[in-house]
Amino acid sequence: MQALIRSSRMLSLRSVSSPAFGILRWQGSSSVNVVRSLTCGVSRFPSFVAPAAVQLVNCNALKTMQQRAFSSQITLSDLRDNPGARPTKKRLGRGTGSGLGKTSGRGHKGQRARAGNHGLLGFEGGQTPLIKKIPKFGHKNVHAYIALLEGLNIDRLWSWIQQGRIDTSKVITMKVLRDCGCVGSNIKKGIKLLAKGKDTVKVDRPIRIEVSDASAEAKRIIEEAGGEVIIAYYNRLGLRALLKPEEFERIPRRAAPPPKLMWKYPLHYKQVQEQMLRQ
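Just add 6 to the spot in the sequence shown (first one is 1) and you have our numbering.
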């Protein structure tokens, strides 16, 4: 190897032409590069005749260098990132030829050309956004219907009873209260019995009344007089069948309350069985 290096330094030939690597310029080239180039030429083109200085190199030395040169196909210099792992940064304001020069692709003036503008979520330039074109769906509050119940104060109920407009010998249902005018005709969800006006009345006879809900104070007043307050759940179809049974050829069975409201109507199934027996 040392003999090869000394010989390469003593070469007076500046260039050599070969079919292996075209014209190789030795002047100014290191000895190792010269040997590598010549080794590749000899291995790829057996007919290539190297200079006399190179022919003095031992064949074993050439084989050793060839093994070192082609022993591994992957080196540290060959390591690269995966394609697309390091995207090229968009360069703005670098001339009109780039397509993103001058205004950097923002156009002239306006809200979108200003710094710090990120746009409003869902804003579509003034037209009706898509989120407003689609109806609401999803969560439903099962307790919201309680706030929509028609209120019935106990003083008004007792006034109707004293006038003889309500028969207390039977169960006072929401249909009875609607037909006698004690409540309005537009009952959407049901009726809730309230204790307003309890100081002006004194319930002295037992009353059995069936409503959708009742306050604790109103229930206490009715039960102290020997009566009973029946809390019954009616959905939209069941309430319509109760108020207007003439519109149905066959009265549908009452629907069960939602699972989240089952605590409020623990006797629902028992009431349904009694109602079916009465029919």
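By construction, the Cβ of each residue, glycine as well, lies at the ideal position given by its N, Cα and C atoms. The structure presented is a predicted model; accordingly, all values stated were derived computationally and were not measured.
Its chain contains no residue whose beta carbon lies nearer than 8 Å to that of Gln168 once the 5 sequence neighbours on both sides are disregarded. According to DSSP, residue pairing for Glu216 in a beta bridge involves Ile236. Between the beta-carbon of Val209 and that of Ala231 there is about 4 Å, and that keeps the pair under the 8 Å contact cut.
Bounds of any alpha helix (DSSP H) do not take in Ile197; it lies within the beta strand (DSSP E) bounded by Ile197 to Leu200. Judged by DSSP secondary structure, Glu280 falls within the alpha helix (DSSP H) whose first and last residues are His274 to Arg284.
Here Gly116 has no same chain residue with a Cβ atom under 6 Å from its own Cβ, once five neighbours each way along the sequence are excluded. Contact annotation, Ile215 with Glu156: C-beta distance approximately 14 Å; criterion of less than 8 Å not satisfied.
Non-local C-beta neighbours of Leu136 in its own chain, meaning closer than 7 Å and more than five positions away in sequence, are absent. Restricting attention to Pro251, Trp269 and Pro212, the CA atom closest to the CA of Tyr239 is found in Trp269. Take the alpha-carbon of Ile80 and the one of Lys95: they are about 29 Å apart. In the pairwise beta carbon analysis, the stretch 103-117 is classified as not touching the stretch 139-159: fewer than three pairs are separated by under 8 Å.
Inter-residue distance for Asn147 and Pro272 is about 20 Å (C-alpha atoms, whole angstroms). Around the beta carbon of Met282, fewer than 16 other beta carbons lie within 10 angstroms, which makes this residue exposed. The continuous alpha helix (DSSP H) containing Leu136 extends over residues Leu136 to Lys139.
DSSP places Leu154 outside both helix and strand once states are collapsed to three, so it counts as coil. By the criterion of a C-beta distance shorter than 8 Å, Thr102 is surrounded in its chain by Lys108, once the five residues flanking it on both sides are discounted. If you draw a straight line from the Cα of Arg226 to the Cα of Arg259, it is about 30 Å long.
For Ile228, the secondary structure class from DSSP, reduced to helix, strand or coil, is helix.
In the assembly as shown, Gly196 is a buried residue. Its beta-carbon has 16 or more other beta-carbons within 10 Å. The shortest C-alpha to C-alpha distance from Gln279 to any of Lys266, Leu243, Ala261 and Pro265 is the one to Ala261.
In the DSSP assignment, Asn159 forms a beta bridge with Leu200. Annotated as proximal: Lys198 and Ser221, with beta-carbon spacing under 9 Å.
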